[in-house]
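Colleague:
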Amino acid sequence: SGSVAGLNTLNAGANGKTATFSSSVDTASLNLSGTGTINLNGSLTGNLDMNNKAGTVNLAAGRSISGNILSTGSNINTGVIAGTLNFLGDSSVSGSVSNFNEIQTHGANGTTVTFSGPVETSRINILNSGTVRFEQTVGVTSLFGINFNSSQPGSVVLADGANLLAYVFGPGSLTLEGNSLVNRATGSGDPLAQVNAGANGKTVTFGYEAFEATTLNLTGTGTINLNGGFTGNLDMNNKGGTVNLRDTRDL
């Protein structure tokens, strides 16, 4: 079918039903109306509202959402929240993600899902070997945190100035490109393959919860502050940077 444009509100995904949009959608708000499915084979210009419904939205590879992602009626702090958003390949989101339930990425190696705005969600599952990039702070409120697929681990990249407020589990990689605060346990009981931090002139501070990774790599002349201890190998990579271990903490 052709593109959809000029609508103020578009409701789809009623209980047990599937709505497929073959081309682009331009609306002030695309609303999930039930437990059904919305397939977006073209890009969405406008906001996506899951409305606290236990349905699914699938965004095709190479498509984008130019707007905010939210879930009216949900409460992320009490767990009263529902709905899943699947990214099937390369994608981008220009706005914020707030009060949201579950994000899943399916892109293979070489694909990237980029979030340009801040992200607040209950869980993020990285189900394939692609990359998820956060340009601003990401907060995952539940203990499920950010999970990597054990057989096809992907990677998470935080841009300079973005903070990570989330538990992270599984054999993927975490790269911190600049100044960042990591304020939850990372790899606890299920270590990451590698964490890359300490770019030239930048500081990454790991909070008071210990974290685990096979290797923590110093990437430049910057600083890594370990306030909660670290389990794994520390590789300075012949860089002129600094790693500070807080008093009473262990390597």
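Under the working numbering, think of the first position of the sequence shown as 184, with each following residue one higher. Cβ atoms here follow ideal geometry from the backbone N, Cα and C, with glycine treated the same way. In this text, all values refer to a predicted model and were calculated from it rather than measured experimentally.
(1) Terminal residues of the continuous beta strand (DSSP E) containing L409?
(2) Output needed for S206: all residues of its chain with C-beta closer than 8 angstroms, excluding positions within five of it in sequence on either side, in chain order.
(3) Is T203 buried or exposed, if buried means 16 or more other CB atoms sit within 10 Å of its CB?
(4) Whose C-beta lies closer than 8 angstroms to the C-beta of G217 among residues of the same chain, with five residues either side of it excluded?
(5) Going straight from the alpha carbon of T425 to that of E395, what length do you get?
(6) Would you tell me roughly how many angstroms separate the C-alpha atoms of N241 and A380, rounded to the nearest one?
(7) Rounded to whole angstroms, what's the CA-CA distance from N400 to L193? Just pull it up for me.
(8) What is the DSSP secondary structure of D430, counted as helix, strand or coil?
(9) Curious, which full-length beta strand (DSSP E) runs of at least 3 residues does the region 198-231 contain?
(10) Would you say T397 and G415 are within 8 angstroms of each other, going by their C-beta atoms?
(11) How many Å lie between S277 and A393 at the Cα?
(12) Which of helix, strand or coil does DSSP assign to L253?
(13) State buried or exposed for L384, treating a residue as buried only when at least 16 other CB atoms are found within 10 Å of its CB.
(14) How should R429 be labelled, buried or exposed, when 16 other C-beta atoms within 10 angstroms of its C-beta is the threshold for buried?
(15) May I have the straight-line CA-CA distance separating L271 from F298, to the nearest angstrom?
(16) Give the range of the beta strand (DSSP E) segment to which E285 is assigned.
(17) Quick check on DSSP: helix, strand or coil for L310?
Modeller: On the basis of the supplied data:
(1) If you number the sequence shown from 1, residue 409 lands on position 226. Element bounds for L409: T406 to L409.
(2) In the sequence shown, residue 206 corresponds to position 23, counting from 1. Here the set comprises S184, G185, S186, V187, N224 and G225.
(3) Walking along the sequence shown from the start, residue 203 turns up at place 20. T203 comes out exposed.
(4) For the purposes of this step, residue 217 is taken as residue 34 along the sequence shown, with counting starting at 1. Excluding residues within five positions, the ones whose Cβ falls inside 8 angstroms are G196, A197, N198, G199, K200, K236 and G238.
(5) Your numbering for residue 425 matches position 242 in the sequence shown. Your numbering for residue 395 matches position 212 in the sequence shown. Between T425 and E395, the C-alpha separation is close to 19 angstroms.
(6) Here the question's residue 241 lines up with position 58 in the sequence shown. Here the question's residue 380 lines up with position 197 in the sequence shown. Spanning the two alpha carbons is a distance of roughly 33 angstroms.
(7) The count along the sequence shown starts at 1 and reaches residue 400 at position 217. The count along the sequence shown starts at 1 and reaches residue 193 at position 10. Approximately 47 angstroms between the Cα atoms of the pair.
(8) Taking the sequence shown and counting its residues from 1, the one referred to as residue 430 is at position 247. In this predicted model, D430 has a pLDDT of only 48, less than 50, meaning its place in the structure is not dependable; the value taken from the coordinates is given anyway. Coil, per DSSP.
(9) 201-204, 208-215 and 220-223
(10) For the purposes of this step, residue 397 is identified with residue 214 of the sequence shown, where counting begins at 1. For the purposes of this step, residue 415 is identified with residue 232 of the sequence shown, where counting begins at 1. Yes, Cβ-Cβ distance for T397 and G415 is below 8 angstroms.
(11) Against the sequence shown, residue 277 aligns to sequence position 94. Against the sequence shown, residue 393 aligns to sequence position 210. Each residue's Cα considered, the two are about 33 angstroms apart.
(12) What you label residue 253 is simply residue 70 of the sequence shown in a count that begins at 1. Residue state, collapsed to three classes: strand.
(13) Along the sequence shown, one-based indexing puts residue 384 at 201. The sequence shown places Gly at residue 384, not Leu. G384 should be labelled exposed.
(14) The residue given as residue 429 occupies position 246 in the sequence shown. Answer is exposed; the Cβ neighbour count stays below 16.
(15) In the sequence shown, residue 271 corresponds to position 88, counting from 1. In the sequence shown, residue 298 corresponds to position 115, counting from 1. The straight-line gap from Cα to Cα measures roughly 15 angstroms.
(16) Here residue 285 corresponds to residue number 102 of the sequence shown, with the count starting at 1. Element bounds for E285: V280 to T288.
(17) In the sequence shown, counting from the first residue as 1, residue 310 sits at position 127. L310: coil per DSSP, three-state reduction.
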